[in-house]
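S.K.: I am attaching a structure below and will ask some questions about it afterwards.
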Amino acid sequence: MNFENSRREFNRAKNLMPGGVNSPVRAFKNVNRDPIFIARAEGSKIYDVDGNEFIDFVGSWGPMIAGHANPRVVRALQKAVENGTSFGAPTKLESELAELVQEFYPAIEMIRFVNSGTEATMSALRLARGFTNRDKIVKFIGCYHGHSDSLLVNAGSGAATFGTPSSPGVTDSVARDTICVDYNDIDAFKKVMADFGNEIAAVIVEPVAGNMGLIPPRENFLETLRAETQKSGSILIFDEVMTGFRTPRFKIQPDLTCLGKIIGGGLPCAAYGGRRDIMEFVSPSGKVYQAGTLSGNPLAMTAGIETLKILKDTPDAIQILTSRTKKILDAWKSIAEENSIPIRTTQAGAMFCIFFTDSKVENFSDVEKSDLNRFKLWFSEMLDRGIYLPPSQFETIFMSLAHSDDDINRMIAVSREVFEIIRQYVSRQEI
Ligand SMILES: *Cc1c(COP(=O)(O)O)cnc(C)c1O
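Numbering (the numbering used here), first residue to last: 6 to 436.
Spelled out as structure tokens, the structure:
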């Protein structure tokens with residue numbers, strides 16, 4: 006495959022934008038390659054500026070569950086554009102999308118639309134703090150909730166309970182209000198709640214972690230979060246920006262839910278919502294301030310409405326996506342075994358992941374201990390054979406309704422070639 010035009014575009018972009026991109030993971034730094042620049046996409050396929058075709062298993066990091074340029078979404082958008090692209094005033098579309106969201110998430114009694122997942126989690130935390138009149142929050146290590154200051158926090162070193170900034174520019178005083186706990190560590194979480202429960206405004210979690218590879222919650226993890234937050238009067242926030250509409254429903258009901266990605270069908274839209282008594286605290290009905298010039302934008306609402314309608318019209322969507330995903334994982338397991346390459350796989354609905362390790366993967370440090378060099382080789386060889394995967398071990402692979410049996414079979418056939426290549430590297434002790 007020739008990547009000449011992508012290379013030229015990357016050089017041009019690097020001079021204009023930090024790292025040549027507008028969001029870090031796109032720069033392919035984790036896999037030591039130059040990024041490919043996209044020209045267009047349709048269905049399950051994505052095309053770069055050199056004319057190479059790839060089967061896309063990133064789907065814009067989740068939103069494109071109905072496939073790229075889905076004809077229903079495109080037609081609805083074309084009509085919407087002609088009616089004007091932004092009014093800064095209420096429209097029927099907002100209530101229409103809100104009602105559709107409720108059909109999927111009955112616990113979302115009221116909702117507020119925003120423009121990004123970052124805004125959704127940031128605003129939900131402010132709301133939880135305003136509602137409880139408390140300052141501290143708990144987050145889990147390796148969960149990503151966007152880039153607002155209180156969430157760009159790492160666990161403090163050693164025995165320190167309070168967080169430290171994970172990015173320059175985040176102040177210590179903000180970080181100190183964030184307590185970090187290992188994902189899936191029920192005992193550590195219980196201890197934090199026993200020590201600080203009545204100071205904690207909110208516990209925020211990805212109910213299935215999708216930003217450290219894919220890590221499902223272990224048994225009783227979410228149940229414990231629910232029970233402990235209920236006891237302490239803290240707000241439980243499920244960050245479903247990635248998992249929303251893509252995984253089977255969880256048995257546990259949070260107080261607030263953050264949505265994004267799919268809810269905007271590929272346009273900038275996200276939301277937070279939940280219990281009516283809490284949401285009534287948001288301005289203008291309450292005093293917790295939050296606003297947005299483009300919030301509820303008619304184009305974003307339209308793409309979201311059409312995408313959710315497609316999901317609604319495909320009642321077994323999650324099962325279809327799950328079984329396509331399982332087919333790939335089953336193939337990977339047997340091909341890996343044939344080649345004596347230890348792997349672990351994880352899956353939740355239309356999300357899946359591969360780790361090059363023979364140990365369990367239940368939290369962030371487990372992922373760090375997996376073989377990242379094998380992942381890099383795997384990614385690169387797959388890309389060169391027309392399979393576009395997330396360019397980092399710390400990301401999830403996404404399945405869409407547009408992926409055909411042919412796409413899945415092609416993915417499996419390419420995987421077979423690539424596992425054999427990895428085996429050759431291993432036997433030469435080059436990796
Ligand atoms: C993507 C993501 C976010 C951030 O959403 P943006 O729209 O990128 O700001 C927040 N939480 C989770 C779980 C995500 O996957």
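Cβ atoms here follow ideal geometry from the backbone N, Cα and C, with glycine treated the same way.
Please output, in chain order, the residues near ligand 1 using a CB cut-off of less than 5 Å to any non-hydrogen atom of the ligand.
M.R.: Selection output, chain order preserved: S121, G122, T123, H150, G151, E211, D244, V246, M247 and G265.
S.K.: Are I184 and G202 close, meaning C-beta to C-beta below 8 Å?
M.R.: Between I184 and G202, the gap from beta carbon to beta carbon reaches 8 Å or more.
S.K.: Okay, do the segment 30–46 and the segment 402–410 touch, 3+ Cβ pairs below 8 Å being the bar?
M.R.: Contact between the segment 30–46 and the segment 402–410 is not established, with fewer than three Cβ pairs separated by less than 8 Å.
S.K.: Use the C-beta contact count for A199: other C-beta atoms within 10 angstroms, 16 or more gives buried, fewer gives exposed.
M.R.: exposed
S.K.: Tell me whether the beta-carbon of G270 lies closer than 8 Å to the beta-carbon of P68.
M.R.: yes
S.K.: Tell me the DSSP bridge mates of G159?
M.R.: In the sequence as displayed, the identity of residue 159 is Asn instead of Gly. Partner(s): T169.
S.K.: Between D55 and S11, is the Cβ-Cβ spacing less than 8 Å?
M.R.: yes
S.K.: Measure how close the beta-carbons of F118 and E99 come, nearest whole angstrom, since I'm counting them as under 8 Å.
M.R.: 6 Å
S.K.: Within the continuous alpha helix (DSSP H) that includes S137, where are the two ends?
M.R.: According to the sequence as given, residue 137 is Thr; it is not Ser. Run containing T137: G122 to T137, per the alpha helix (DSSP H) assignment.
S.K.: With a threshold of 8 Å, are at least 3 pairs of Cβ atoms found where one atom belongs to the segment 144–151 and the other to the segment 362–377?
M.R.: yes
S.K.: In angstroms with no decimal places, state the Cα-to-Cα distance between S65 and V293.
M.R.: 32 Å
S.K.: Would you kindly check if the distance between the Cβ of V36 and the Cβ of K381 is under 8 Å?
M.R.: yes
S.K.: What ranges does the alpha helix (DSSP H) occupy inside the segment 197–273, keeping only unbroken runs of at least 4 residues that lie completely in it?
M.R.: Within the segment 197–273, the complete alpha helix (DSSP H) runs of at least 4 residues are 226–237.
S.K.: Measuring only the C-alpha atoms, how far is F158 from N88?
M.R.: Reading the sequence as shown, one finds Val at residue 158 and not Phe. Distance between the alpha carbons of V158 and N88 is about 43 Å.
S.K.: From G305 to A103, what distance separates their C-alpha atoms?
M.R.: Reading off the sequence shown, one finds Ala at residue 305, where the question assumed Gly. A straight-line Cα-Cα distance of about 13 Å links A305 and A103.
S.K.: Per DSSP, which residues does M356 bridge with? Please list them.
M.R.: A353 and F403
S.K.: Should the segment 234–244 be called in touch with the segment 206–224, which here means at least 3 C-beta pairs below 8 Å?
M.R.: yes
S.K.: Please name the residue in G301, K338, I191 and K331 whose C-alpha comes closest to that of T461.
M.R.: The displayed coordinates of the chain run from 6 to 436. Any statement about residue 461 would go beyond what the structure contains.
S.K.: Let me know the secondary structure DSSP gives N60 once reduced to three states.
M.R.: First, the amino acid is wrong: residue 60 is Ile here, not Asn. Three-state DSSP puts I60 in a strand.
S.K.: Who are the Cβ neighbours of R223 in its own chain at under 7 Å, not counting the five residues just before and after it?
M.R.: Result list for R223: N189 and E367, in chain order.
S.K.: Considering Y294, what are the terminal residues of the alpha helix (DSSP H) in which it resides?
M.R.: Where Y294 is concerned, there is no enclosing alpha helix (DSSP H), given that its DSSP letter is neither H nor E.
S.K.: In the DSSP output, which residue or residues are listed as bridge partners for D53?
M.R.: Partner(s): I43.
S.K.: Taking the continuous beta strand (DSSP E) assigned at T319, which residues delimit it?
M.R.: From DSSP, T319 is part of no beta strand (DSSP E); its letter is neither H nor E.
S.K.: For the segment 223–236 against the segment 246–258, are there 3 or more C-beta pairs whose distance is under 8 Å?
M.R.: Yes: at least three Cβ pairs fall under 8 Å.
S.K.: Go ahead and label R5 buried or exposed: buried means 16 or more other beta carbons lie within 10 angstroms of its beta carbon, across all protein chains shown.
M.R.: This structure does not reach residue 5, given that the chain is present from 6 up to 436, and the question cannot be answered.
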